[in-house]
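> Each residue of the sequence shown is one higher than the one before, counting from 1 in full-length UniProt numbering.
All residues carry an ideal CB built from backbone N, CA and C; glycine is no exception.
Following this message is one structure expressed as structure tokens.
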Amino acid sequence: MSRNSQQNRAARKRKKQQRSGTRHHREFRPDFDAESLVFAGIEFAFGPSANAESLRRTVGQLAELDGSGSTAALLDRASQMLDASMDHAFDSGWQPAELVHAVRREFGARTARLTVAAIGSHASRTSAHKSAPEPWREQLDELNIGPDDAPARGRLSAWRAAENAEPTDTWTAILSLLGFCSYLIPMTPLMATPPNWVAGAAASRPAKHGPEPKVLSRIRGLLAKAEATTFAEEAATLSAKAQDLMTRYAIDSAMVDAEAHTSLSDQVVTRRLLVDNPYPEAKVQLLNCVADSNSVRVLWHQRFGLVSMVGMPIDLDLCEMLFTSLLVQASHAMSEAGGDRVKRSPSFRRSFLLAFASRIGERLAIAREQAGRDASSQYGKELVPIMTERTEAVGSVFEKQFPSVVTTSHSVTNAHGWQAGRVAAELADLSGGRERIAE
């Protein structure tokens, strides 16, 4: 045997012994293995280093450790990392409902349920049910997160038991959530973040200025009836009434603000909407058309399925109501138009919604011009500069929050869907806005 052959054989033997030693080491140091494997799995699960095959191998190793008596150490480390991930997300301006929504869009229901469990641990650690702002506590209620003292590991174990899934599936979900949270972008805080909560003194929802909010409840009721009725004349009557209420509410609010001589920039607020699949970009296009006609600025966080809306509280209320009403009408019209297989295709439905949004935008622009003329005859020349100042205040706040906004466009891939969508938009009821003043 040559000297080189002997050296090669010796090298292979040393490598084999090293691998054997590593395996032996893992038997006695599962905590060390959990640390290294979990960190590697996070990189493989999400982000620029994501790799499905590497993730599969890492998950397999974790599942093997999980079944060899190392479950306690693994769950302890995973629980600690999930706690840190929740702290990072919420201190960065995210809210519980937003995080669950974004995770569900990215990974599905199982990982979303894990997120709820992790949020529950955070709520327990921070006494959220006693200290968090009211909207935060409302989100916890909607997620069925009650006020208990279960530790993170207990919640993680309960989640695993409830899923009744293979260890590889549960570890894939854990690594996916950890990886996702490590790449979250900061969001504009819409309320006090957890480090600023005061124990035992939960903040209340910011008060809305202007007329009694019961008016909004009446408007929502009228819109709901208009959407549900099958009689066109009844829908028109209900819509006209809602339209009248909304117009008076919005303009009266603007005039009251002007008389108070308060800072308009201080009144501008930011809200976020959750946009569900399918066809989220078409839905956002519809929202953008409504926002343009209601002095509201919109930013689409595409990766997370969230929309930031910046505007005066009353304008945001009206924008949300009109958008919701039009979305319901578009859904009904699309169902009626999509009878055959072609019209049930994703390309048809997406093009339908884009066309619907485009034509609605045109109609709203015309209606807005008419509303301006009608309002000027009622309030005189004072109204124009007042509304201009409000628009400029909203624009200033939006640009400070989002200085690097990129405009996107959407292509249409189905001509039949586009045509059907424009026809439906012609028949749509614009009762949710303030663009026309009812006689």
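Under 8 Å between the Cβ atoms of residue 315 and residue 290?
No, they are not a contact pair.
> Which residue wins for smallest C-alpha separation from residue 350, given the options 386, 306, 387, 286?
286
> Cutting at 8 Å between CB atoms, please list the residues of its own chain near residue 265, excluding the five before and the five after it.
393, 396, 397
> Hey, how far is the Cα of residue 348 from the Cα of residue 152?
46 Å
> Got a sec, what are the start and stop residues for the alpha helix (DSSP H) residue 129 sits in?
128-131
> On the CB-based measure, 16 or more other CB atoms within 10 Å of its CB, does residue 267 come out buried or exposed?
buried
> Just the Cα atoms here: how many angstroms apart are residue 370 and residue 300?
29 Å
> In whole angstroms, what separates the C-alpha of residue 59 from that of residue 86?
22 Å
> Who does residue 309 pair with in a DSSP beta bridge?
271, 298
> Have a look at 344, 306, 263 and flag the residue whose alpha-carbon is nearest the alpha-carbon of residue 284.
Answer by Cα proximity: 306.
> Just to check my reading of the structure: residue 171 and residue 63 have Cβ atoms closer than 8 Å, yes? What is that Cβ distance to the nearest angstrom?
6 Å
> Quick one: Cα of residue 156 to Cα of residue 75, how far?
Residue 156 and residue 75 have their C-alpha atoms roughly 7 Å apart.
> Between residue 226 and residue 219, what straight-line distance do the alpha-carbon atoms span, to the nearest angstrom?
11 Å
> Cβ of residue 277 within 8 Å of Cβ of residue 105?
yes
> Compute the Euclidean distance between the alpha carbons of residue 184 and residue 303, then round it to the nearest angstrom.
10 Å
> Where does residue 366 land, buried or exposed, given buried means 16+ other C-beta within 10 angstroms?
That one is exposed.
> Can you tell me which of 325, 363, 368 puts its alpha carbon nearest to the alpha carbon of residue 294?
Residue 294 has its Cα closest to that of 368, out of 325, 363, 368.
> For residue 391, I'd like the list of residues in its chain whose CB is within less than 8 Å of its CB, leaving aside the five on either flank, ordered along the chain.
295
> How close, in whole Å, do the beta carbons of residue 440 and residue 135 come, if the pair is a contact with beta carbons under 8 Å?
Only positions 1 to 439 of the chain appear in the structure, and residue 440 is not among them; the question remains open.
> What residue range is occupied by the uninterrupted alpha helix (DSSP H) comprising residue 197?
Premise fails: residue 197 is in no alpha helix (DSSP H) and is neither H nor E.
> With burial defined as no fewer than 16 other Cβ atoms inside 10 Å of the residue's Cβ, what is the status of residue 96: buried or exposed?
With 16 or more other Cβ atoms within 10 Å, it is buried.
> Hey, residue 364 and residue 330 are a contact pair by Cβ (cut 8 Å); roughly how many whole angstroms apart?
With 8 Å as the limit, residue 364 and residue 330 do not qualify as a contact, their Cβ atoms being about 14 Å apart.
> Measure from the alpha carbon of residue 263 to the alpha carbon of each residue in 127, 386, 94, then state which is nearest.
386
> What residues in its chain sit with their C-beta under 6 Å from that of residue 361, if we drop five residues either side in the sequence?
289
> Candidates 169, 91, 383: which alpha carbon is nearest residue 258's?
Ranking 169, 91, 383 by Cα distance to residue 258 puts 383 first.
> Please determine if the segment 174-181 and the segment 36-43 are in contact, where contact requires at least 3 C-beta pairs separated by less than 8 Å.
yes
> Which value, in whole angstroms, describes the spacing of the CA atoms of residue 65 and residue 71?
7 Å
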